[in-house]
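Below is one structure; the comments refer to it alone.
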Amino acid sequence: KAGVTQTPRYLIKTRGQQVTLSCSPISGHRSVSWYQQTPGQGLQFLFEYFSETQRNKGNFPGRFSGRQFSNSRSEMNVSTLELGDSALYLCASSGTSGIVTEQFFGPGTRLTVL
Amino acid sequence: AQKVTQAQTEISVVEKEDVTLDCVYETRDTTYYLFWYKQPPSGELVFLIRRNSFDEQNEISGRYSWNFQKSTSSFNFTITASQVVDSAVYFCALSGMDSSYKLIFGSGTRLLVRP
Numbered sequence: 001k002a003g004v005t006q007t008p009r010y011l012i013k014t015r016g017q018q019v020t021l022s023c024s025p026i027s028g029h030r031s032v033s034w035y036q037q038t039p040g041q042g043l044q045f046l047f048e049y050f051s052e053t054q055r056n057k058g059n060f061p062g063r064f065s066g067r068q069f070s071n072s073r074s075e076m077n078v079s080t081l082e083l084g085d086s087a088l089y090l091c092a093s094s095g096t097s098g099i100v101t102e103q104f105f106g107p108g109t110r111l112t113v114l
Numbered sequence: 115a116q117k118v119t120q121a122q123t124e125i126s127v128v129e130k131e132d133v134t135l136d137c138v139y140e141t142r143d144t145t146y147y148l149f150w151y152k153q154p155p156s157g158e159l160v161f162l163i164r165r166n167s168f169d170e171q172n173e174i175s176g177r178y179s180w181n182f183q184k185s186t187s188s189f190n191f192t193i194t195a196s197q198v199v200d201s202a203v204y205f206c207a208l209s210g211m212d213s214s215y216k217l218i219f220g221s222g223t224r225l226l227v228r229p
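So this is what it looks like as structure tokens:
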């Protein structure tokens, strides 16, 4: 079974630009969560989607948004990039609803904002 | 509020030593889940274990063992006879029972196993 895939793996952008990151969950998984990892703030939850609906959102500004498609693939978008958005963005997928099981993480997208 | 504390920022041991990584959590939920993840230099988080709040049985998996104590809100992780391949950052995480998969992570413990 293929794991969680994230594209692109590396990205360099400049301040003010916007970026879209993509995540394909494990086949059959319907939940996709996104996390931001920085040296200063650690791993922080961004949002979670289940069956195309956002179920939970972390404490991030509105510049951070996401969506999920009918095939469970998810994208997250960051508009008006700031230097502080430089981070490793991790996507995780889980299989079931209502039961907290383990989340399987992808390799991440490393975003550098110059 | 939910919180996970990993007080050990970095631990360095010599191969074959045993090492324990500490994790203390705070939550008001009566039902919750605790996790340990390993993050090697490649960056991907690797799932190690999930434990729910009703199951205080300790668990052993090969060289890995976990000690869950609700009385002290701790969920510690021990690696027996450590190996160089165990070098990584280890994260403890907490999830509530709100039916979403929001994980609250600790700050991580970097483990360096020297040959």
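Chains as they are written, first to last, in the numbering used here: chain P, 1 to 114; chain C, 115 to 229.
Backbone N, C-alpha and C define an ideal beta-carbon position, used for all residues, glycine too.
> Between P:S33 and the rest of its own chain, which residues show a CB-CB distance below 6 angstroms, the 5 nearest in sequence each way excluded?
Replying inline: E48 and A92
> Terminal residues of the continuous beta strand (DSSP E) containing P:I12?
Replying inline: Y10 to K13
> Since P:T5 is in the beta strand (DSSP E), which residue starts that stretch and which ends it?
Replying inline: T5 to T7
> Leaving out the 5 sequence neighbours to the left and right, which residues in its chain are closer than 8 angstroms to C:Q122 when beta-carbon positions are compared?
Replying inline: L135, D136 and T223
> Given 8 angstroms as the limit, is there contact between the segment 177-184 of chain C and the segment 76-92 of chain P, that is, 3 or more CB pairs closer than that?
Replying inline: Contact fails: fewer than three Cβ-Cβ distances are below 8 angstroms.
>> Using 8 angstroms as the threshold, is the C-beta distance between P:G28 and P:G95 below it?
In response: yes
> Whose CA, out of P:Y35, P:T20 and P:F50, lies closest to the CA of P:S70?
Replying inline: P:F50
>> According to DSSP, is P:G84 part of a helix, a strand, or is it coil?
In response: helix
>> Quick test of your reading: C:F161 and P:E102, contact by CB under 8 angstroms. State the CB separation rounded to the nearest angstrom.
In response: 5 angstroms
> For C:S126, does the count of other Cβ atoms within 10 angstroms reach 16, so buried, or fall short, so exposed?
Replying inline: exposed
>> Please state whether the Cβ-Cβ distance between C:A207 and C:V118 is less than 8 angstroms.
In response: A contact, by the Cβ cut-off of 8 angstroms.
> Nearest-angstrom Cα distance between C:T145 and C:S209?
Replying inline: 9 angstroms
>> Assuming contact is defined by CB atoms lying nearer than 8 angstroms, are P:L88 and P:V113 in contact in what I supplied?
In response: no
>> Among the candidates C:T194, C:L217 and C:V198, whose CA atom is the shortest distance from the CA of C:P155?
In response: C:V198
> DSSP on P:K144, reduced to helix/strand/coil?
Replying inline: This structure leaves residue 144 of chain P out entirely; chain P is present only between 1 and 114.
> Quick one: what does DSSP say C:T119 is sitting in, helix, strand or coil?
Replying inline: In this structure, C:T119 counts as strand in the three-state DSSP scheme.
>> In this structure, how does DSSP classify C:K130 when only helix, strand and coil are distinguished?
In response: Reduced to three states, the DSSP call for C:K130 is coil.
> DSSP three-state call for C:S156: helix, strand or coil?
Replying inline: coil
> Taking DSSP as the reference, what is the three-state secondary structure of C:S185?
Replying inline: helix
>> Tell me which residues share the same chain as P:I26 and place their Cβ nearer than 8 angstroms to its Cβ, disregarding the 5 neighbours each side in the sequence.
In response: K1, A2, G3, V4, S93, G95 and F104
> Which whole-angstrom value describes the C-beta separation of C:V203 and C:Q153, a residue pair presumed to lie in contact below a C-beta threshold of 8 angstroms?
Replying inline: The Cβ separation is near 4 angstroms, so the contact holds.
> If you drop the 5 nearest sequence neighbours on each side, which residues of the same chain put their C-beta closer than 7 angstroms to that of P:Q17?
Replying inline: L81
> So is P:P39 in contact with chain C if we call contact Cβ pairs under 8 angstroms?
Replying inline: no
> For the beta strand (DSSP E) that contains P:V113, what are its first and last residues?
Replying inline: T109 to V113
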